[in-house]
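For the sequence shown, this note's numbering gives the first residue as 804, with consecutive numbering after it.
Don't be surprised by glycine CBs; every beta carbon is placed ideally from N, CA and C.
So the structure is just underneath, and the comments pick up after that.
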Amino acid sequence: LAAIRLRAFPIELSEHAALAANAAQHWSERVRASVAPLLRRRLDQLQTLARDDDEPSVRAAALEVLAFAESSARVIMVCVDALQTDPDWLPRVTAATALAHNAGGVAPAEDAL
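Here you go:
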């Protein structure tokens, strides 16, 4: 609930609160998933969540934020990797949607799709 309320504040403040609380490492998957949008300027942390979190919902939330935060080659490759290697369907579908939305004309993304 706090992560949802923090979205009403400027991104700098909400990001600071999420980082200060170490919310991306919280024991609750719901907290980790809901804090992902607050970390949209922290691509490294989002990539770590998208690749390494134990819960599919957290990985999917991080992939969704990555897809709309930036359309760089690095982000596209994280989505391609998730689409090809993630063991769960939710992150794979999220990665496919992100690639379809952002990666038109990028050969590795089009090949993966």
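Item, Value
"Integer Cβ distance of R862 from A870, believed to fall under 8 angstroms", "Actually they do not touch by this definition, with Cβ atoms about 13 angstroms apart."
"With 16 other Cβ atoms within 10 Å as the buried cut-off, status of Q828", "exposed"
"Buried or exposed by the 16-neighbour rule on C-beta atoms within 10 Å, applied to A885", "buried"
"DSSP state of S831 mapped onto helix, strand, coil", "coil"
"CB of E815 within 7 angstroms of CB of S860, strictly", "no"
"Simplified DSSP assignment, three categories, for A853", "helix"
"Host alpha helix (DSSP H) of P911 (start-end)", "A910 to A915"
"Contact belief for L902 with V883 at Cβ below 8 angstroms, rounded distance in angstroms", "7 angstroms"
"Between the CA atoms of V834 and A820 - distance to the nearest angstrom", "13 angstroms"
"C-alpha gap between D847 and A824, whole angstroms", "18 angstroms"
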